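*Asks:*
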Amino acid sequence: MRPQLSRKNLVVFTGAGISAESGLQTFRGDGGLWEGHRVEDVATPEAWAKDPALVLEFYNVRRRNVRAAQPNAAHRALVDLESAYDVRIITQNVDDLHERAGSTHVLHLHGEILYARSTRESSHTAYLGDHDIALGDTCPLGSQLRPHIVWFGEQVPALDEAARIVSQADIFLCVGTSLEVYPANSLIFATPRRARRIVVNPEVPDLVPRDVCECIAKTACEGVPELVASLLLATTKL
Ligand code: APR
């Protein structure tokens, strides 16, 4: 009787790069979102106070792009891992491609673009479906709805939960993020020393501690399915 080995905890930390091959823009680098917009104009509480219509339109356009996008091979490969590992996805992305691919445990650090939030009670959120948010759209308390996004300068409510999850990781995958944004980028240092750490990114960020990380300099759709195949094979050899 083979001993029932406990399933390893596998944490996947993702950024905009995993959705790039689904046609969604990343933020930095050529053609990135922050090339066409100033963060100060569309992604801060000050921007919202100054010109809420501009902010709403920025997110309405991105939301339509998310609805038109499909999960890619990398999103789908991460779902396959759930057959042999306890998988937790921690994403900086506000799209729903991990969920639509079938991942069952997804924690969004920077919010979810398909939801609106009350500007009076932040816990009041509403799924938008096919709707945009317009000026005059209000929550049940009568306050203007805003995108359910963590803007620059705002607290990251899910950070403690994310750090707790990462602290339990046996394997930590970091896919498609520049690691440019604090405090999300600090998670790569929150893994236990024993954890195996693997980075998938065609341009491995400077912040990556290369002495303790395996680096796969490939796109998500090239690198993640290959990596997942090897991780699944490893569980059949136990
Ligand atoms: N596959 C994998 N990685 C890719 C691909 C791809 N096809 N294309 C680009 N990348 C990598 C880039 O090399 C880069 O390291 O994805 C990363 C994208 O970096 P950013 O655009 O900075 O996105 P991200 O790291 O998710 O940004 C973090 O910044 O603006 C805020 O809130 C926003 O959540 C976002 C945060």
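Using our numbering, you'd call the opening residue of the sequence shown number 90 and step up by one each time.
Using N, Cα and C, we set each Cβ at its ideal position, and we do this for glycine too.
Everything numeric in this text was worked out from a predicted model, so none of it was measured.
1) First and last residue of the beta strand (DSSP E) that includes Pro298?
2) Please classify Asn154: does DSSP put it in a helix, a strand, or coil?
3) If you measure from the CB of Thr308, is any heavy atom of the ligand APR nearer than 6 angstroms?
4) Kindly indicate which three-state DSSP category Arg91 falls into: helix, strand or coil?
5) Determine the extent of the beta strand (DSSP E) in which Leu234 is found, giving its start and end residues.
6) Which class does Ala223 belong to by DSSP, given the choice of helix, strand or coil?
7) State the DSSP-derived secondary structure class of Leu196, mapped to helix, strand or coil.
8) By the 10 Å Cβ neighbour count, where 16 or more other Cβ atoms means buried, how is Phe278 classified, buried or exposed?
9) Helix, strand or coil: which one does DSSP assign to Val264?
10) Check whether the Cβ atoms of Leu224 and Ala205 lie closer than 7 angstroms to each other.
11) Tell me, please, whether the segment 218 to 238 touches the segment 252 to 272 by the rule of three or more beta-carbon pairs shorter than 8 angstroms.
12) Taking 6 angstroms as the cut-off, is the CB of Glu243 close to at least one heavy atom of the ligand APR?
13) Does the distance between the C-beta of His213 and the nearest non-hydrogen atom of the ligand APR fall short of 6 angstroms?
14) Tell me, which residues are paired with Ala205 by DSSP?
15) Is the beta carbon of Glu110 within less than 6 angstroms of some heavy atom of the ligand APR?
*Replies:* To lay it out plainly:
1) Taken as a continuous stretch (DSSP letters only), Pro298 belongs to no beta strand (DSSP E), as it is neither H nor E.
2) helix
3) yes
4) Legend: pLDDT at Arg91 = 49, less than 50; position of this residue unreliable, no value from coordinates given.
5) 234 to 238
6) coil
7) strand
8) exposed
9) strand
10) no
11) no
12) no
13) no
14) Ala215, Pro236
15) yes
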